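Report on one structure; see the data block that follows.
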Amino acid sequence: MKRGLWLLFLLAWLAAPLLGIVPPFWISLANTIGIATVVVLGLVVLTGVGGMTSFGQASLMGFGAYTTALLNTSLHLSPWIALPASIAASVAAALTLGAVTLRLSSQYLALATLAWSVSLFYLAGNLDLTGRYDGIPAIPAVSLFNINLAAPEKFFVVIWVSVALAMLATANLLDSRVGRAMRALRGGAIAAASCGAPPAQAKLLAFLYAAALAGWAGWLYAHLQRAVNPTPFSFAASTEYLLMAVLGGAGHIGGALLGAAIFTLLNDRLQSFLPLLIPTPGNFELVAFGCLMLVLLQTAPEGLWPHLFRPRPQPRPIDETLALPRRNIPPPGTLLLESIALTRRFGGLVAVDALSFSACAGEIVGVIGPNGAGKSTIFNLLTGVDQPSAGQIKFRSEEITGSNAAAIAELGIARSFQHVQLVAGMSVIENVCLGAHLRGHAGPLRALLQLDCAEEAALFAEAMRQLDRVGLRQHADRPAGSLALGQQRIVEIARALCLDPVMLLLDEPAAGLRHNEKEQLATLLRQLRAEGLGVLLVEHDMDFVMQLADRLVVMNFGAKLTEGAPESVGRNPQVIEAYLGTAA
Amino acid sequence: MDASILLILVQDGLVNGAIYALLALSLVLVFTVTRVLFIPQGELVAFAALTYSTLAEGHVPASIFLLAGLGATACLRGLWDARATRNKYGKILFGTLGPPAVVVPLTLWLAPRHPGLAVSALLAVATVAPMAPALYRIAFAPLASASILTLLIAAVSVRFAMVGIGLVIFGPEGTRGIGFSDAFFTVGPLTIPGQAIWIWIVTFALMLALAIFFGRTLIGRALRATAINRLGAQLVGIPAEGAGRLAFTLAGAIGAISGVLVAPLTTIYYDTGFLIGLKGFVAAIAGGLVGYPAAVIAALAVGIVESVSSFWASAYKEVIVFTAVLPVLLVRSLLGPPSEHDE
Amino acid sequence: MMFRVAGLSVSYGGVAAVQDISLHVEAGSIAAVIGPNGAGKTTLLNAAMGVLPSTGTIEFDGTSIHAMDIETRVAAGISLVPELRNLFSTMSVADNLRLGAYRLRREGSAAAARAMDEIFETFPPLQRRKEQLAGTLSGGERQMLAMGRALMARPKLLMLDEPSLGLAPLIVRDLFAIVSQLRATGVGILLVEQNARAALRIADYAYVLETGRITLEGTDLADDPRIVEKYLGQKESKSLGGAPPPKPRHP
């Protein structure tokens, strides 16, 4: 129903210029807005969702534009054949730049794209191949079914169909398995890695997707103007796209259109209006934009879109009969995780000191010790978030020392975090669904074309089952950030369970919980143990650990103080001294 | 290309490299203290150069009115932000309106009297340097808790406005400033112009002064402390905003001095600053945005790469300089990502 | 009453982390806040220091400091030793201490040097490491430096966030002895601790913080059966484990 309405609106929009009642001036503005929207959609994914700033989108757009220009004028290929080549050229360029900078902090990416867009501008301006600063003229028009689309009101259709497709594809991408991994880049990157979705991969994907849209926009630009030169692909143009994204609301698909429209219209109005007001020659629209952006950043850093349209959380329909294949759980008593003389030093500080212990299937092992004893560091070492300075880690007798977080997740080791790592803006169930990342297989292409519906439904069904299991079913559609901290910890457990783990590592799951919530958690953990899972539990609440754990490992100053059944450990005078503080 | 040409190119490169080194230092300083990547630094360089040239020709530079405008805006902004506490009004008035109150009348009086190069240089620095802390008050201080990327976009917005204003106050024509010295010194195959020696002396003196400031004075240490651990610095009573203002003031002064030094070397247009500043950034990135010595060495390297490539393939000079940063980043990325913060 | 907090609440993104907290610290006394991890202890101190925005009343020496920024609170005589220490890791120990006296910078460097000598008397290991970078210190030395840096400012109110964190019992004992001595000089101390036993031993008054609220307060909490059971374990002589503790508990 809603889709039908949108389609009708789009058709009306596409048909309007063809009726001949819209002045050409407005059609040409609308074309500019459309092309900009396609570029800015890429920035929505890259900057708004992924948290990376690129000053090189116009350069990447230039790759697309020059590629089609060259293929059309030199090789006389059809523009339609050149379209995939344009997109591929931009993506290939982004891949080169991404390989160099994506591992560094994001400010390097921003500055590297800046340097590279300046460099490419001068390169295009000096190479004979690209026609130097004059560029490449006489690019043929696009035609479809022998209809020549050279006229702006006809190419308008191509541009706005592209805008609609790009918006749809972006929406599909963000609401998918890989999309959730991208959305986790801001605030939940470590958690995503522990669910088997490496942040580096998500970053690269966001970068390449933005480049693909830029290449597409470049192709549109080349065939609209029928000529290319370096200026529209300069650093200044790149910043304009960035401003549009921030203006509209960098995290929102609608914001791309809004930002592009407002910027373009305002720019046009200012250019014709300001010279009348101020008779001196000058780029007053630049001054106006600079000041406007500053005011906007300080008053509405989220952009205009969220101020105009408050997105309501929409309950997601879920068919809970769908199931995902389960992993084989080893029989109780099987040796799962072994830490052998594990050591981690930070400068002069030894956080974990030659620690050895093991955990088996169907067993709850508690790790206790005073604050700062190195418990959370152990978790980070065991789950590949941090790497040991010395020692070994084995899982089911295979050495896994040095594996990264995603590889460890793949083995079936799931974890929660002491400092909650949820994506605050995503709904609770989407956060939980991130845990099932490895149980789905749909890649970005299937996501773009929405061929992943069946798999998505199964993933969400699983997420709902786990959410139900931890007792948070009624909160499924709320933003994760709106839950109390204790509940957020429980959401992390549901997310970990979505991985279908063999081994569960929980870092202070009971912190911040009320008494009855703790009882529920204890019941759940007992149930998991009965199912044959191995559970490693770092906990501070003595009552809670004592009643649950089969075995306790007591730590002090990074080293193991003692190990054994809760009763014997509790009687150990050393433990009482260390754990309960200075007795003397 | 024989050895003597190479030597001349290296000499040229070290002249520009010294300027880039100063800029890189100021950019690293501003970034570590405030997390702002101060893109408009290049504009300050160009504005200082153009102000100096205008003054040296005996005209009143319109940049003094920009200073007055920025001062007034910063003052209003400061008063608005302090409305809750009300105890800093005097300080804000003095800090924001003080510099234009001195510089504007002085310039109006001195400029038509052909003040000479030294006075022109001093006035140019006094006009442009206080713009940086004013910009900090207006654009960056209110965003203190925003992300690096938001601050970066704010910096780009400031550059937009500055470039637009630059065209209005300096016009589209370029100017070349008068050098401090037209003497030449012959050393072996090299003929070293007096201006180059001036640049090296001033650069060296500035770096020495900065080293003493950061290493020996309490205020300098406080600034370093803010760069190392912002919250820790606040907890011992170092005001974060004050530290940011100081960092911007120093950066503004360094940028303005660089502008005066660079004015006689080449023709400066209102928008030339961008590429100069960007080369300072290339050096700062190559140095990892943290270390001062690394940034200086990288800046000298940028200067040499630039002069060698302008001889060898002058059309591709900028291409080579800006592409050269990519392999450096590749190496940095292969050596592993830098740790975020110590504690 | 030197330091008073009333009806203090802090929330992150709409979720309350601490709610309606009221407490006070007298000059020359130690008030302790104990409670489990995640109860909001650090949030409470950060709000009191102005690191986090909050709602409610915060008064120091009879004037409201709620609108003051961190620096102004430091200048008024409040110091916080944060949980993460926040040392200047690539500066020397001496420089860290010098900066501690930043609020008293008008008194000159000679006064700061004298104050530093006093710190070295209190924490002898720091003197040996005077020229060493703060980042190379051990955990105990870092905590000493963090406290030393705070004391350089001669605070009237000292707030300590988990001073025992990651320290050996012996060091904790020394540290707490120093805290007791500080009280004797008239400094008011707000001590936030997970190590309930050590904290209650030196505290004059104590608060129990659980899930963001103060659930219990008083002068003799160390003898309160509810505290004994929950935070001190069943008496030292008895075992920790064994049968699950008796119910019901206080809410």
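Residue numbers (my numbering), protein chains in the order written: chain R, 1 to 584; chain X, 585 to 927; chain W, 928 to 1178.
All residues carry an ideal CB built from backbone N, CA and C; glycine is no exception.
All values reported here derive from a predicted model rather than from experimental measurement.
Measure the beta-carbon distance from Ala409(R) to Leu434(R) and round it to whole angstroms, keeping in mind my assumption that it falls under 8 angstroms.
As a first step, residue 409(R) is located in the first sequence; it is residue number 409 there, counting from the start. As a first step, residue 434(R) is located in the first sequence; it is residue number 434 there, counting from the start. Incorrect: roughly 11 angstroms between the Cβ atoms, too far for contact.
Cβ of Gly940(W) within 9 angstroms of any chain R Cβ
Taking the first residue of the third sequence as 1, we reach residue 940(W) at position 13. Interface residue, yes.
Count the other C-beta atoms from every protein chain shown that fall within 10 angstroms of the C-beta of Gln271(R), then say buried if there are 16 or more, exposed otherwise.
The sequence position of residue 271(R) within the first sequence is 271, counting from 1. Gln271(R) is exposed by the Cβ-count criterion.
At a cut of 8 angstroms, does the segment 892-900 of chain X reach the segment 136-148 of chain R through at least three beta carbon pairs?
no
Report the neighbours of Ala809(X) on chain W: residues whose CB is nearer than 9 angstroms to its CB, in chain order.
On the second sequence, position 225 is the one that residue 809(X) refers to. Those are Phe1015, Met1018, Asp1022, Asn1023, Leu1026 and Tyr1029, listed as they occur along chain W.
Given this structure, state the Cα-to-Cα distance separating Arg808(X) from Ala58(R), to the nearest angstrom.
Looking up residue 808(X) in the second sequence gives position 224. Looking up residue 58(R) in the first sequence gives position 58. If you take the alpha carbons of Arg808(X) and Ala58(R), they lie about 38 angstroms apart.
When you compare the CB of Val100(R) with every CB in chain X, is at least one pair closer than 9 angstroms?
Within the first sequence, residue 100(R) is the residue found at index 100, counting from 1. Yes, because at least one Cβ of chain X sits closer than 9 angstroms to the Cβ of Val100(R).
Given a cut-off of 9 angstroms on the beta-carbon distance, is the pair Pro501(R) and Ile400(R) in contact?
Residue numbering aside, residue 501(R) sits at position 501 when the first sequence is read from its first letter. Residue numbering aside, residue 400(R) sits at position 400 when the first sequence is read from its first letter. No, the Cβ-Cβ distance between Pro501(R) and Ile400(R) is not below 9 angstroms.
Does the beta-carbon of Arg697(X) have 16 or more other beta-carbons within 10 angstroms, so that it is buried, or is it exposed?
In the second sequence, residue 697(X) corresponds to position 113, counting from 1. Arg697(X) comes out exposed.
Hey, quick one: how far does the beta strand (DSSP E) through Leu335(R) stretch, first residue to last?
Translated into the one-based positions of the first sequence, residue 335(R) becomes position 335. Taken as a continuous stretch (DSSP letters only), the beta strand (DSSP E) holding Leu335(R) covers Leu335 to Phe346.
Identify the residues that DSSP records as bridge partners of Phe930(W): which are they?
Position 3 of the third sequence, counted from the first residue, corresponds to residue 930(W). In the DSSP output, where bridge partners are listed per residue, Phe930(W) has Val952(W) and Phe987(W).
On the DSSP bridge list, what partners appear for Phe357(R)?
Within the first sequence, numbered from 1, the residue matching residue 357(R) stands at position 357. Beta-bridge pairing links Phe357(R) to Ser339(R).
Mark Thr787(X) as exposed unless 16 or more other C-beta atoms lie within 10 angstroms of its C-beta, in which case mark it buried.
Along the second sequence, one-based indexing puts residue 787(X) at 203. With 16 or more other Cβ atoms within 10 Å, it is buried.
Contact with chain W by Gly772(X), beta-carbon distance below 9 angstroms:
Position 188 of the second sequence, counted from the first residue, corresponds to residue 772(X). False, the Cβ-Cβ gap to chain W never drops below 9 angstroms.
Chain-order list of residues whose beta-carbon lies under 7 angstroms from that of Leu10(R) (same chain, five-residue window excluded):
Residue numbering aside, residue 10(R) sits at position 10 when the first sequence is read from its first letter. If we look at Leu10(R) and ignore the five residues flanking it on each side, its Cβ neighbours are Ala164.
Can you give the beta carbon distance from Gly1035(W) to Thr984(W), rounded, assuming they're within the 8 angstroms contact cut?
For this step, residue 1035(W) is matched to residue 108 along the third sequence. For this step, residue 984(W) is matched to residue 57 along the third sequence. Actually they are not in contact, since the Cβ atoms of Gly1035(W) and Thr984(W) sit about 37 angstroms apart, beyond 8 angstroms.
Chain-ordered neighbours of Trp13(R) on chain X, where CB pairs are closer than 9 angstroms:
Residue numbering aside, residue 13(R) sits at position 13 when the first sequence is read from its first letter. Those within 9 angstroms of Trp13(R) in chain X number zero; the least Cβ separation is about 31 angstroms.
Is there a C-beta anywhere in chain W that falls below 9 angstroms from the one on Phe586(R)?
The question about residue 586(R) has no answer here: the residues shown for chain R are numbered 1 through 584.
By the 9 angstroms beta-carbon criterion, what residues does the segment 995-1011 of chain W contribute toward chain A?
The chain labelled as chain A is not found among the protein chains of the depicted structure, namely R, X and W.
Starting from Glu1137(W), trace the beta strand (DSSP E) both ways and give me its first and last residue.
As a first step, residue 1137(W) must be located in the third sequence, where it is residue number 210. Residues Tyr1132 to Glu1137.
Burial state of Val569(R), where buried means 16 or more other Cβ atoms lie within 10 Å
For this step, residue 569(R) is matched to residue 569 along the first sequence. So Val569(R) counts as buried.
Here's the rule: buried if 16 or more other CB atoms are within 10 angstroms of the residue's CB, otherwise exposed. What is Pro23(R)?
Residue numbering aside, residue 23(R) sits at position 23 when the first sequence is read from its first letter. Pro23(R) is exposed by the Cβ-count criterion.
Less than 8 angstroms between the CB atoms is what I'm expecting for Val620(X) and Val614(X), so what's the real figure, rounded?
Residue numbering aside, residue 620(X) sits at position 36 when the second sequence is read from its first letter. Residue numbering aside, residue 614(X) sits at position 30 when the second sequence is read from its first letter. About 6 angstroms; that satisfies the 8 angstroms criterion.
When burial is assigned at 16 or more other CB atoms within 10 Å of the CB, is Asn516(R) buried or exposed?
The count along the first sequence starts at 1 and reaches residue 516(R) at position 516. Burial call: exposed.
Per DSSP, which one or two residues make a beta bridge with Arg415(R)?
As a first step, residue 415(R) is located in the first sequence; it is residue number 415 there, counting from the start. Its beta-bridge partners are Leu505(R).
Using the rule of at least 16 other Cβ atoms within 10 Å of the residue's Cβ for burial, across every protein chain shown, is Leu149(R) buried or exposed?
Within the first sequence, the letter at position 149 stands for residue 149(R). So Leu149(R) ends up on the buried side.
Neighbourhood of Leu536(R) by C-beta, 6 angstroms cutoff - its chain only, sequence neighbours within 5 removed:
Working through the first sequence from its first residue, we reach residue 536(R) at position 536. Hits under 6 angstroms: Ala359, Val365 and Leu505.
Identity of the residues DSSP links to Thr770(X) by a beta bridge:
Translated into positions along the second sequence, residue 770(X) becomes position 186. DSSP, once it has assigned bridges, lists Thr775(X) as partnering Thr770(X).
Quick check on DSSP: helix, strand or coil for Asn431(R)?
What you label residue 431(R) is simply residue 431 of the first sequence in a count that begins at 1. Residue state, collapsed to three classes: helix.
For Val38(R), does the count of other Cβ atoms within 10 angstroms reach 16, so buried, or fall short, so exposed?
Numbered from its first residue, the first sequence carries residue 38(R) at position 38. So Val38(R) counts as buried.
Short of 7 angstroms Cβ to Cβ, which residues in the segment 711-744 of chain X face chain R?
Ala723, Pro726, Leu727, Ala730, Ile732, Leu733, Thr734, Leu736, Ile737, Ala738, Val740, Ser741, Val742 and Phe744
At the 9 angstroms Cβ level, is Ile841(X) part of the contact set with chain W, yes or no?
Working through the second sequence from its first residue, we reach residue 841(X) at position 257. Taking Cβ atoms only, chain W never reaches closer than 9 angstroms to Ile841(X), which makes this a no.
Nearest chain W C-beta to Arg829(X) closer than 9 angstroms, yes or no?
Residue mapping note: residue 829(X) aligns to position 245 of the second sequence, counting from 1. Answer no: the Cβ-Cβ gap between Arg829(X) and chain W never drops below 9 angstroms.
Selection of the segment 952-967 of chain W by Cβ proximity to chain R, strictly under 9 angstroms:
Pro963, Asn964, Gly965, Ala966 and Gly967
For chain X, check one thing: does any of its Cβ atoms lie closer than 9 angstroms to the Cβ of Val1119(W)?
Taking the third sequence and counting its residues from 1, one reaches residue 1119(W) at position 192. For Val1119(W), the answer is no, since every Cβ of chain X falls outside 9 angstroms of its Cβ.
Checking the sheet assignment: what are the DSSP bridge partners for Met468(R)?
One-based indexing of the first sequence puts residue 468(R) at position 468. As written in the sequence, residue 468(R) is Asp, which differs from the Met given in the question. Asp468(R) is not bridged to any residue.
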